[in-house]
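These protein sequences, in sequence, are chains A and B.
Note that our numbering has the first sequence beginning at 1, numbered continuously upward.
Note that our numbering has the second sequence beginning at 638, numbered continuously upward.
First up is the structure itself, then whatever we jot down about it.
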Amino acid sequence: MSTDKSVESKSLDPAVRQMIAKAGGKGISTVWDRYEAMTPQCGFGDSGLCCRNCLQGPCRINPFGDEPKKGICGSSADVMVARWLDRAIAAGTAAHSGHAKHLAHTMMKMAKGKAPDYSIKDAAKLKSVAKRVGVSVEGRGDMEIAKDLAAAALADFAEKDTPVLWAATVVTEGRVKALSAIGAVPKGIDHEVSEIMHRTLYGVDADAVNLLLAGIRCGVADLAGCYMGTDLADILFGTPTPVVTKANMGTLKADMVNIAAHGHNPVLSEMIVAVADSMKKEAEAAGAKGINVVGICCTGNELLERHGIPSCTHSVSQEMALLTGALDAIVVDYQCIMPSLVNVAECMGSKIITTMDICKITGADHIEFTEETAAAKAKEAIRTAIEVFKKRKGRPVDIPDVQNNVVAGFSTESIVAALAKVDAKDPFKPLVDNIKNGNIRGVCLFAGCNNVKVQQDRNFKIMAEKLLKENVLVVATGCGAGALMRHGFMDPANVPALCGDGLKAVLTAIGEANGLGGPLPPVLHLGSCVDNSRAVAIVVALANYLGVDTDKLPVVASAAEAVSEKAVSIGVYAVAAGLPTHVGVMLPVLGSPAVTEILTDKVKGLTGGYFIVDLDPESSADKLLAAIDERRKGLGL
Amino acid sequence: MQEPKEIFVDTSRCTACKTCEIACAVAHSKGGNLYAALMESPAPKRRLYVEWVSPDKHVPVLCRQCEDAPCMHACISGAISRDERSVVVTDTDKCIGCWTCVMVCPFGVIGRHLETHKSYRCDRCPDRETPACVSSCPTKALIYRTAEEFSHGVRRGAASELVSGEGK
Numbered sequence: 001m002s003t004d005k006s007v008e009s010k011s012l013d014p015a016v017r018q019m020i021a022k023a024g025g026k027g028i029s030t031v032w033d034r035y036e037a038m039t040p041q042c043g044f045g046d047s048g049l050c051c052r053n054c055l056q057g058p059c060r061i062n063p064f065g066d067e068p069k070k071g072i073c074g075s076s077a078d079v080m081v082a083r084w085l086d087r088a089i090a091a092g093t094a095a096h097s098g099h100a101k102h103l104a105h106t107m108m109k110m111a112k113g114k115a116p117d118y119s120i121k122d123a124a125k126l127k128s129v130a131k132r133v134g135v136s137v138e139g140r141g142d143m144e145i146a147k148d149l150a151a152a153a154l155a156d157f158a159e160k161d162t163p164v165l166w167a168a169t170v171v172t173e174g175r176v177k178a179l180s181a182i183g184a185v186p187k188g189i190d191h192e193v194s195e196i197m198h199r200t201l202y203g204v205d206a207d208a209v210n211l212l213l214a215g216i217r218c219g220v221a222d223l224a225g226c227y228m229g230t231d232l233a234d235i236l237f238g239t240p241t242p243v244v245t246k247a248n249m250g251t252l253k254a255d256m257v258n259i260a261a262h263g264h265n266p267v268l269s270e271m272i273v274a275v276a277d278s279m280k281k282e283a284e285a286a287g288a289k290g291i292n293v294v295g296i297c298c299t300g301n302e303l304l305e306r307h308g309i310p311s312c313t314h315s316v317s318q319e320m321a322l323l324t325g326a327l328d329a330i331v332v333d334y335q336c337i338m339p340s341l342v343n344v345a346e347c348m349g350s351k352i353i354t355t356m357d358i359c360k361i362t363g364a365d366h367i368e369f370t371e372e373t374a375a376a377k378a379k380e381a382i383r384t385a386i387e388v389f390k391k392r393k394g395r396p397v398d399i400p401d402v403q404n405n406v407v408a409g410f411s412t413e414s415i416v417a418a419l420a421k422v423d424a425k426d427p428f429k430p431l432v433d434n435i436k437n438g439n440i441r442g443v444c445l446f447a448g449c450n451n452v453k454v455q456q457d458r459n460f461k462i463m464a465e466k467l468l469k470e471n472v473l474v475v476a477t478g479c480g481a482g483a484l485m486r487h488g489f490m491d492p493a494n495v496p497a498l499c500g501d502g503l504k505a506v507l508t509a510i511g512e513a514n515g516l517g518g519p520l521p522p523v524l525h526l527g528s529c530v531d532n533s534r535a536v537a538i539v540v541a542l543a544n545y546l547g548v549d550t551d552k553l554p555v556v557a558s559a560a561e562a563v564s565e566k567a568v569s570i571g572v573y574a575v576a577a578g579l580p581t582h583v584g585v586m587l588p589v590l591g592s593p594a595v596t597e598i599l600t601d602k603v604k605g606l607t608g609g610y611f612i613v614d615l616d617p618e619s620s621a622d623k624l625l626a627a628i629d630e631r632r633k634g635l636g637l
Numbered sequence: 638m639q640e641p642k643e644i645f646v647d648t649s650r651c652t653a654c655k656t657c658e659i660a661c662a663v664a665h666s667k668g669g670n671l672y673a674a675l676m677e678s679p680a681p682k683r684r685l686y687v688e689w690v691s692p693d694k695h696v697p698v699l700c701r702q703c704e705d706a707p708c709m710h711a712c713i714s715g716a717i718s719r720d721e722r723s724v725v726v727t728d729t730d731k732c733i734g735c736w737t738c739v740m741v742c743p744f745g746v747i748g749r750h751l752e753t754h755k756s757y758r759c760d761r762c763p764d765r766e767t768p769a770c771v772s773s774c775p776t777k778a779l780i781y782r783t784a785e786e787f788s789h790g791v792r793r794g795a796a797s798e799l800v801s802g803e804g805k
């Protein structure tokens with residue numbers, strides 16, 4: 001069994017710590033045990049000097065300059081590292097845009113009357129997005145517009161004469177020029193992914209700079225996928241407005257059927273929420289007080305931002321939710337779902353329900369979800385959870401008594417609306433004035449995951465604490481938002497303790513103008529990982545307001561505990577947008593000093609953005625503050 | 638005197654992943670971790686070498702710390718001696734870089750450091766309880782035991798082979 005100290009070293013979250021200790025006592029293997037068994041990890045892989053792209057391999061280049069100095073085909077360390085990075089960007093792009101494509105198909109089916117359980121929840125956003133991408137709206141019905149918008153979205157995937165609309169219409173004009181100048185405007189989202197697979201094939205692109213430029217273009221395609229994902233989800237399920245809810249495992253209820261929605265896409269999880277109320281009687285008949293839907297990871301964020309569904313846990317601690325013994329089922333769609341959940345569920349008498357054809361897990365129950373039969377399938381999943389509850393009823397559970405208040409739901413639209421309460425005619429003025437007068441020193445976006453290599457939440461917590469004290473406005477998405485909400489950073493009551501005086505005054509003024517009787521929360525929750533697009537939208541609006549490009553703004557980003565290849569592609573589009581972008585875990589690129597230098601320095605000359613790789617949260621925060629100050633100086637502030 | 642431990646190799650377990658080579662170089666870097674080591678100049682050096690024996694055997698080869706070490710006898714400047722751990726060490730102040738030790742080593746595991754102009758080899762990681770290569774090996778192909786412990790394991794294997802043969 002784990003000692004207290006070793007439990008503490010794994011996570012900062014008190015609920016997670018309790019469950020790690022429980023897992024140790026029950027002999028259940030967790031992500032932390034598997035990590036320990038995996039160490040020390042391979043130095044070739046860790047430095048990016050392992051290539052398996054052809055059947056002559058695997059090739060490894062000696063990172064210390066001894067033989068072998070080149071791959072069998074002759075590729076250098078630089079090429080090997082750049083090829084890997086490109087493929088990671090392509091994988092991240094494929095995932096975000098696959099999510100967006102799924103929403104586009106759903107919208108198309110809805111518009112054609114084939115998906116009766118879906119409807120348009122935000123007609124105003126439908127029209128504004130349609131106008132932005134050139135779909136005519138005058139005198140047309142919503143369904144007609146939706147059909148054309150879905151078609152325009154789907155057209156953005158293939159190579160075509162016009163650039164990807166969800167990229168070209170969402171950035172500043174200056175950015176379009178800057179990206180065009182380096183050939184980084186994507187021609188089609190799928191086209192860019194496919195082209196990366198081609199150019200990284202055996203015997204194609206062997207120029208690290210050329211490879212990295214293609215990587216940037218694919219990263220911009222990833223922005224398109226994310227932006228499209230947010231746009232279409234807002235239209236179909238509603239654009240978030242502020243909601244009050246709770247986070248952490250204390251949101252599970254011993255006497256209710258607990259069902260967690262895990263993964264990323266709201267297409268399925270929205271249906272779970274929609275039908276849950278109608279299933280209450282069935283749950284009661286089984287002896288439960290009702291159905292308690294909670295979220296894990298980004299599908300949880302999607303439900304939280306739109307419906308205030310509580311967030312159970314995030315990322316690296318997903319297994320811990322099952323260890324409570326109170327979670328009857330986890331219904332998953334795709335991305336970031338650890339296959340180990342099935343083993344833990346088996347030990348705890350719970351069920352994992354997979355729903356997507358592309359994401360099946362051996363040992364899980366599979367309920368194939370289609371948009372045509374959405375509500376019926378969602379009910380089937382809930383019924384499975386009710387059956388588990390029947391068996392679980394009366395058994396003791398260990399629900400950690402840990403939960404935090406959360407105010408979330410900060411879409412671009414709801415932020416602008418909140419600012420409009422301060423200045424109705426000129427909503428951005430109060431924000432810009434406060435940036436100019438120094439009440440807000442800059443803006444930092446926290447995104448990405450929890451990585452088992454970092455004590456869970458440590459980097460996010462230390463960095464956010466430092467930045468808030470220094471009056472940096474902090475916004476967050478994905479499991480970065482998850483980490484911060486589980487430590488009270490989204491509870492307005494913590495503003496006095498966490499924020500510097502300038503920031504405190506701004507958050508209070510906006511909160512009071514909106515009738516909250518107090519400040520906005522210290523950190524603004526922008527949504528899921530595709531919703532990093534909301535951060536881009538805010539930055540672009542700010543840049544346009546000031547008449548400068550996005551690379552001039554005192555705005556930085558951090559994926560402080562990144563895991564997924566999606567975090568890599570997001571990082572690349574943040575850099576493409578011109579942001580200094582921190583990564584708090586090592587990227588496997590150090591085997592090529594040239595690629596490392598390009599990413600952390602030379603790319604600045606192309607996009608204005610660059611990567612800051614630093615594993616120490618204290619010095620990382622200092623570097624982000626320095627980057628913010630440099631930008632302020634550039635703007636004459 | 639307590640019998641010193643040696644690094645033995647179970648060749649049936651080596652997959653030639655070369656994790657030991659990296660761990661060795663990192664253990665002999667200034668920073669002591671991979672990321673710091675990758676940035677160092679001169680680059681840290683590995684002191685063991687995974688060799689391929691066709692068609693499918695791989696053998697990590699490293700200084701055997703020979704009792705009657707040819708390098709120690711051959712060293713013209715008297716730089717090579719045996720320390721209290723029974724490890725053969727080179728006094729880099731005395732080493733004149735004549736490479737005689739390289740010439741006589743039957744295992745080919747003494748390296749020439751191009752930046753410092755000195756020879757280098759396995760030092761059995763004096764600051765670690767278990768040498769870095771042994772700790773790093775994911776398949777446990779490297780074994781750190783006394784010769785007696787190692788032989789005992791081999792004897793037990795041989796004995797069980799013998800008994801299983803009798804039954805046929």
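Glycine included, each C-beta is placed from N, C-alpha and C at the ideal position.
- Taking 9 angstroms as the cut-off between beta carbons, the residues of the region 670-682 of chain B near chain A are L671, Y672, A674, L675, M676, E677, P679, A680, P681, K682, in sequence order.
- For A/P580, there is no enclosing alpha helix (DSSP H); the residue is part of the beta strand (DSSP E) that begins and ends at 580-583.
- Contacts with chain A (Cβ-Cβ distance below 8 angstroms) from the region 644-665 of chain B involve C654, K655, T656, E658, I659, A660, A662, V663, listed in chain order.
- The beta carbon of A/L524 sits closer than 6 angstroms to those of F410, V475, all from its chain and outside the five residues before and after it, given in chain order.
- If you compare the alpha carbons of A/I382, A/M249, A/V257, A/A151 with that of A/M271, the shortest gap goes to A/I382.
- Residue environment: A/H582 is assigned as buried (16 or more neighbouring CB atoms within 10 Å of its CB, all protein chains considered).
- Residues of the region 65-90 of chain A with a C-beta less than 9 angstroms from any C-beta of chain B: G65, D66, listed in chain order.
- Pairing A/G634 with A/S47 gives a Cβ-Cβ distance that is not under 8 angstroms.
- Comparing alpha-carbon positions, the option among A/G134, A/G527, A/N301, A/T324 lying closest to A/A152 turns out to be A/G134.
- Per the C-alpha coordinates, the member of A/A577, A/T596, A/P580 positioned closest to A/M586 is A/T596.
- For A/A247, the enclosing beta strand (DSSP E) has its first and last residue at 243-247.
- Between A/S569 and A/I89 the beta-carbon gap is near 5 angstroms, inside 8 angstroms, which marks them as a contact.
- B/F787 carries a helical assignment under DSSP once its states are collapsed to helix, strand and coil.
- Three or more beta-carbon pairs separated by less than 8 angstroms are not found between the region 173-193 of chain A and the region 49-58 of chain A, which leaves the two stretches without contact.
- Within chain A, the residues placing a beta-carbon under 7 angstroms from that of B/S773 are P40, ordered along the chain.
- When 9 angstroms is used as the limit between beta carbons, A/G571 is near no residue of chain B, the shortest such separation being about 18 angstroms.
- Under the three-state reduction of DSSP, B/R684 is assigned to coil, being neither helix nor strand.
- Spatial neighbours of B/T767 in its own chain (CB-CB distance under 8 angstroms, excluding positions within 5 residues in sequence) are listed in chain order as Y781.
- Here the C-alpha atom of A/C59 lies approximately 40 angstroms from the C-alpha atom of A/K5.
- B/E643 is bridged by DSSP to B/R782.
- Boundaries of the beta strand (DSSP E) around A/G295: 291-296.
- Secondary structure of A/D365 (DSSP, three-state): strand.
- Per the Cβ contact rule, the region 553-563 of chain A is not in contact with the region 194-210 of chain A (fewer than 3 Cβ pairs under 8 angstroms).
- At the C-beta level, B/A674 and B/V690 stay beyond 8 angstroms of one another.
- Note that the C-beta distance between A/T412 and A/I538 is below 8 angstroms.
- Between A/G57 and chain B, the shortest Cβ-Cβ separation is not below 8 angstroms.
- Among the residues of chain B, those whose CB is under 9 angstroms from the CB of A/L590 are L671, Y672, L675, M676, following chain order.
- The region 99-111 of chain A makes contact with the region 221-230 of chain A; the number of CB pairs closer than 8 angstroms reaches 3 or more.
- Scanning chain B for C-beta atoms nearer than 9 angstroms to the C-beta of A/P63 yields I659, A662, L671, A674, L675, A680, reported in chain order.
- At a cut-off of 8 angstroms, the C-beta of A/D46 has a neighbouring C-beta in chain B.
- Between the beta-carbon of A/E371 and that of A/V267 there is about 7 angstroms, and that keeps the pair under the 8 angstroms contact cut.
- Here DSSP, grouped into helix, strand and coil, assigns A/T200 to coil.
- Closest by C-alpha distance to A/A37, out of B/G802, B/S773, B/C732, B/S801, is B/S773.
- Neighbourhood of A/R60 in chain B, by CB distance below 8 angstroms: K655, in chain order.
- Its Cα nearest to that of A/I399, the residue A/T251 stands out among A/T251, A/A111, A/V204, A/T245.
- With fewer than 16 other CB atoms across the displayed protein chains lying within 10 angstroms of its CB, B/W736 is exposed.
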